[in-house]
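Sequences listed follow chains A and B, in order. Following this note's numbering, the numbering of the first sequence begins with 548 at its first residue and continues without gaps. Following this note's numbering, the numbering of the second sequence begins with 1001 at its first residue and continues without gaps. C-beta atoms are modelled at their ideal positions from N, C-alpha and C, and glycine is treated no differently. Being a predicted model, the structure only gives us computed values, none of them experimental. Heads up, the thing below is written out as structure tokens.
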Amino acid sequence: MSRLIVRTIDLSKVYRRGKVSVLALRNVNLQIAAGEIAGIMGPSGSGKTTLLNLIGGLDKPTNGRIFVDGVDITALGERELADYRLKKVGFVFQFYNLIPTLTALENVEIPLALAGVPKNERRERALNLLKMVGLEDRAEHKPDELSGGEQQRVAIARALINNPSIVLADEPTGDLDSKSALALMNLIKDLNRRNGQTFIIVTHDPIVAERCTKIYTIRDGQIESA
Amino acid sequence: MFVWSIAVRNLRRRRLRTALTVSGIVVGISMMFILLSLVSGMESQARSMVRALGGADIIVSNSTSFRNGMGGPLGALPSPSTLDESIVDAIGGIQGVYAISPQFSFSCSVNGRRITVYGVEPKSYEIVTGGLNIAEGRFLTENSNREIVLGKALMEFLNLTVGQTVSLNTGQEGREQTFNIVGVFETGMFFQEYAAYITLADAQNITGEYGLITQILVKCEDPSIVSDVASAISSTVPGVRVTTPTAVLQQANQMLNTLTMFFATIGLVALFAGSFGVVNTMMMSVTERTREIGILKAIGAKSYDIMKIFLAESLLIGLIGGGAGVAAGSILAYLFPTLTSGIFAIGISPFGMRNPFSGAAGRGWGSRATSAIIFTTPAITPINIIVCFSLGAFVGILAGLYPAWRASRMRPVEALRHV
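Rendered as structure tokens:
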């Protein structure tokens, strides 16, 4: 087995909703190797998205540790965590989550701008990535002028722009028709083969599941089979 | 840079809301701008009027203003009443007097043009008043004989140059003399430049009024004792009128400061009201874009980046409001004199006093000066533009601080859940 990219140790997350505590994750020990396309499946409310958010540094666990590339991200402060999100991970959401006022190209450029990359280089790298996802001719279009499949490909380009070691995707095909979903998965497989990036994909979609190199099932806040 | 494009596009996306928010700032800034311009206008007028009184602390003249009724054969300009030169010593002996300069002013035609000519003692004149603003050539000296310094406007009117001669005629028989032009003075006020300076001796010579003077200019040892010295003069020397230009200037400054404070307060209140519009708009913008904030944070934006985006937006509102406010204010300030004939003359009337120096200028060109006071023209100064524009920007930033902070504090997971 190759090098571990993600390792969680006794990871727990409790949400408090008023007086009720909801145990979203309990003692999750997960290991994902570099270069995998890991599918995380399970019924809704099982804690999939919570797990993804924790790995992505969007949320803090109640207990336990998360090591990404050997670094304990649960020990990072807010600023370092933002930096981690910027450089180490890329996010792809179900509803694309592009900035509506910016063009496809500018959306892809945002993480570079946040990282302080100069304008010309930003342009060039973003255009290259848009080409890679097959959207170079849509570069100047705003999100509402793009189809769902196109928007999701822009989102993938944005997730990849800072060369992250992991791309986290939460139901990336959830809002796509099966043809677009298939195209998206083929793109992911292609990127994974070419760049060796690790993908962690939360999904219900069999089209996605079939193309993952490994599936983790989560139920009631626990990993069932690894 | 993407911070600015996001800000610009958000403002454009909600054009009407942006326009309404901006107009709140525009009202405040333009109001501020007009009021400040008005005060500046009054200030510069007050200053020129006081400058017209000369640089002396105190001016002593005969308590009867004019002699010879309405003047000589030409019938135009009367000359001031005279005092005996011995008064100079009396005033010089009063405590607190630093220096004095006697002066003889009279109405006279220069190359056919009737103006006021001042006969002065060059040395003491410069000590007491600080001297004329010489634009060309030089001022008179102690040894000047038949030398004359003319105002720039008069030089241009008579088409003269330094080195030429002019002919002075008092209108009395056989009183025509030729003078060499040695210098040109400039005051910036047209009517003041229709005047000429010669030595006191020459003045007494040409008028034949030996031993007489029309005014005594006094400089005090300290500006703070001017009014004490002035009352000492009027109580010890009979039959004189005492004027204190510096006291007038002080009064004017005091009044203008009060006016500035008053107007600035009105403007600030308007601006304050407008700034709530900005806060409101920015709060709406933050709520509206909660999800966007979540996305940006998820892809690596720091709290500081989010703050910048929203501050850029409110700063832009402030800058546009400041710019438009200054523009609108300038237009209104420009139209102002035609809109309000004379309302503000009430405020400034203390300076509408006659120029005690020269009955001639007081009559001939004084009317021009008086009308200039009545139609107070707002002065659009670079300082006012900068102050108002920066104030707009400042209000923008200030109004954006809390909303931007709120935005930056959002937690990514919760913000992303927002629909």
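Please report how far the alpha carbon of B:Ala1264 lies from the alpha carbon of B:Met1032, in whole angstroms.
In the second sequence, the residue the question calls residue 1264 of chain B occupies position 264. In the second sequence, the residue the question calls residue 1032 of chain B occupies position 32. Answer to the nearest angstrom: the Cα atoms are 6 Å apart.
Should B:Ala1273 be labelled buried (16 or more other beta-carbon atoms within 10 Å of its own) or exposed?
Numbered from 1 along the second sequence, position 273 holds the residue referred to as residue 1273 of chain B. Counting every other CB atom within 10 Å of its CB across the protein chains shown gives B:Ala1273 a total below 16, marking it as exposed.
Closest Cβ-Cβ distance between A:Glu687 and chain B: below 9 Å?
If you number the first sequence from 1, residue 687 of chain A lands on position 140. It does not; no Cβ of chain B falls within 9 Å.
Taking C-beta to C-beta, are A:His559 and A:Leu577 nearer than 9 Å?
For the purposes of this step, residue 559 of chain A is identified with residue 12 of the first sequence, where counting begins at 1. For the purposes of this step, residue 577 of chain A is identified with residue 30 of the first sequence, where counting begins at 1. As written in the sequence, residue 559 of chain A is Ser, which differs from the His given in the question. In this structure, A:Leu577 does not lie closer than 9 Å to A:Ser559 by Cβ.
Any beta carbon of chain A sitting closer than 9 Å to that of B:Phe1310?
As a position in the second sequence, residue 1310 of chain B is number 310, starting the count at 1. It does not: the Cβ of B:Phe1310 has no partner Cβ on chain A nearer than 9 Å.
Under the assumption that B:Lys1219 contacts B:Ala1056 (Cβ atoms under 8 Å), give the Cβ distance between them as a whole number of angstroms.
Against the second sequence, residue 1219 of chain B aligns to sequence position 219. Against the second sequence, residue 1056 of chain B aligns to sequence position 56. Yes, they are in contact, since the Cβ atoms of B:Lys1219 and B:Ala1056 sit about 6 Å apart, within 8 Å.
Shortest alpha-carbon distance to B:Phe1310 belongs to which of B:Gly1024, B:Ala1399 and B:Phe1104?
If you number the second sequence from 1, residue 1310 of chain B lands on position 310. Closest by alpha carbon: B:Ala1399.
Determine, using beta carbons only, whether A:Ala622 comes closer than 9 Å to chain B.
To locate residue 622 of chain A, count along the first sequence from 1; it is residue 75. It does not; no Cβ of chain B falls within 9 Å.
Coarse secondary structure for B:Ser1167, derived from DSSP in three states
On the second sequence, residue 1167 of chain B is found 167 positions in, with the first residue counted as 1. Three-state result, B:Ser1167: strand.
How would you call B:Ser1314, buried or exposed, if buried means at least 16 neighbouring beta carbons within 10 angstroms?
Taking the first residue of the second sequence as position 1, residue 1314 of chain B is located at position 314. So B:Ser1314 ends up on the buried side.
Range covered by the beta strand (DSSP E) that runs through A:Asn600:
Translated into positions along the first sequence, residue 600 of chain A becomes position 53. Counting along the chain, A:Asn600 falls outside any beta strand (DSSP E), though it belongs to the alpha helix (DSSP H) covering Lys595 to Ile602.
For B:Thr1258, name the three-state secondary structure that DSSP assigns.
The residue labelled residue 1258 of chain B in the question sits at position 258 within the second sequence. DSSP places B:Thr1258 in helix when its eight states are reduced to three.
In the DSSP assignment, find the unbroken beta strand (DSSP E) run with A:Ser568 in it and report its ends.
Position 21 of the first sequence, counted from the first residue, corresponds to residue 568 of chain A. Element bounds for A:Ser568: Val567 to Val575.
With A:Gly582 and A:Gly696 assumed to form a contact (beta carbons below 8 Å), what rounded beta-carbon distance in angstroms separates them?
Along the first sequence, read from residue 1 onward, the residue named residue 582 of chain A stands at position 35. Along the first sequence, read from residue 1 onward, the residue named residue 696 of chain A stands at position 149. Between A:Gly696 and A:Gly582 the Cβ distance is about 25 Å, and since that is not below 8 Å, they are no contact.
Which residues does DSSP list as the beta-bridge partners of B:Gln1177?
If you number the second sequence from 1, residue 1177 of chain B lands on position 177. B:Gln1177 pairs with B:Leu1168.
For A:Cys759, which of helix, strand or coil comes out of DSSP?
On the first sequence, position 212 is the one that residue 759 of chain A refers to. A:Cys759: coil per DSSP, three-state reduction.
Best match in A:Val567, A:Leu601, A:Leu572 and A:Pro590 for proximity to A:Val553 [C-alpha to C-alpha]:
In the first sequence, the residue the question calls residue 553 of chain A occupies position 6. Its Cα nearest to that of A:Val553, the residue A:Leu601 stands out among A:Val567, A:Leu601, A:Leu572 and A:Pro590.
What separation, rounded to the nearest whole angstrom, lies between the Cα atoms of A:Arg632 and B:Val1022?
Translated into the one-based positions of the first sequence, residue 632 of chain A becomes position 85. Translated into the one-based positions of the second sequence, residue 1022 of chain B becomes position 22. Inter-residue distance for A:Arg632 and B:Val1022 is about 36 Å (C-alpha atoms, whole angstroms).
Among A:Glu671, A:Ile754, A:Arg612 and A:Phe614, which residue has its Cα nearest to the Cα of A:Lys736?
Position 189 of the first sequence, counted from the start, is the residue given in the question as residue 736 of chain A. The candidate whose alpha carbon is nearest that of A:Lys736 is A:Ile754.
Tell me the rounded alpha-carbon separation between B:Thr1129 and B:Asn1159.
Counting from one through the second sequence, the residue named residue 1129 of chain B turns up at place 129. Counting from one through the second sequence, the residue named residue 1159 of chain B turns up at place 159. Cα to Cα, the separation comes out at about 28 Å.
Given 8 Å, three or more beta-carbon pairs between the stretch 1375-1388 of chain B and the stretch 1036-1045 of chain B:
yes
My output table needs one value for A:Asn667: the three-state DSSP class, helix, strand or coil.
In the first sequence, the residue the question calls residue 667 of chain A occupies position 120. Three-state DSSP puts A:Asn667 in a helix.
Starting from the N-terminal side, write out each stretch of the alpha helix (DSSP H) that is 4 residues or longer and does not extend beyond the stretch 1280-1325 of chain B.
Counting only runs of 4 or more residues that sit fully inside the stretch 1280-1325 of chain B, the alpha helix (DSSP H) segments are 1290-1298, in chain order.
Neighbourhood of B:Met1283 by C-beta distance below 6 Å, restricted to the same chain and skipping five residues each side:
The residue given as residue 1283 of chain B occupies position 283 in the second sequence. Hits under 6 Å: Pro1403.
Between the stretch 1398-1413 of chain B and chain A, which residues of the former have CB atoms less than 9 Å from a CB of the latter, in chain order?
Arg1411, Pro1412 and Val1413
Within 10 Å of its beta-carbon, does A:Asn644 have 16 or more other beta-carbons around it, so buried, or fewer, so exposed?
Sequence index remark: in the first sequence, residue 644 of chain A carries index 97 (1-based). Result: buried.
Excluding the 5 residues flanking A:Leu734 on each side, which residues of the same chain have their C-beta closer than 7 Å to its C-beta?
Residue 734 of chain A sits at position 187 when you count from the first residue of the first sequence. Correct list, in chain order: Val680, Arg700 and Ile703.
Whose C-alpha, out of A:Val636, A:Ser593 and A:Cys759, is nearest the C-alpha of A:Asn710?
Walking along the first sequence from the start, residue 710 of chain A turns up at place 163. With distances taken between CA atoms, A:Asn710 lies nearest to A:Val636 out of A:Val636, A:Ser593 and A:Cys759.
Quick check on the DSSP output: the alpha helix (DSSP H) that includes B:Pro1102 runs from which residue to which?
Numbered from 1 along the second sequence, position 102 holds the residue referred to as residue 1102 of chain B. Premise fails: B:Pro1102 lies in the beta strand (DSSP E), Val1097 to Val1110, not in any alpha helix (DSSP H).
Along the alpha helix (DSSP H) that carries A:Pro727, what are the first and last residues, could you check?
Taking the first sequence and counting its residues from 1, the one referred to as residue 727 of chain A is at position 180. Note that residue 727 of chain A corresponds to Ser in the displayed sequence, not to Pro. Ser725 to Asn742 is the span of the alpha helix (DSSP H), which, as asked, contains A:Ser727.
Collapsed DSSP secondary structure at A:Ala581 in the structure displayed:
In the first sequence, residue 581 of chain A corresponds to position 34, counting from 1. Of the three classes helix, strand and coil, the one that applies to A:Ala581 here is coil, per DSSP.
Where do the N-terminal and C-terminal ends of the beta strand (DSSP E) with A:Gly611 fall, by residue?
Translated into positions along the first sequence, residue 611 of chain A becomes position 64. A:Gly611 -> beta strand (DSSP E) spans Asn610 to Val615.
Do A:Asp717 and A:Lys634 have their C-beta atoms closer together than 9 Å?
As a first step, residue 717 of chain A is located in the first sequence; it is residue number 170 there, counting from the start. As a first step, residue 634 of chain A is located in the first sequence; it is residue number 87 there, counting from the start. Not a contact, by the Cβ cut-off of 9 Å.
Just curious, the alpha helix (DSSP H) that A:Glu653 is in, first and last residue?
For the purposes of this step, residue 653 of chain A is identified with residue 106 of the first sequence, where counting begins at 1. Its alpha helix (DSSP H) spans residues Ala651 to Leu661.
According to a CB-to-CB cut-off of less than 7 Å, which residues of the stretch 692-713 of chain A neighbour chain B?
With the criterion set as a beta carbon lying under 7 Å from some beta carbon of chain B, the members of the stretch 692-713 of chain A are Arg705, in sequence order.
The stretch 1130-1144 of chain B touching the stretch 1092-1111 of chain B, judged by at least three CB pairs closer than 8 Å:
no
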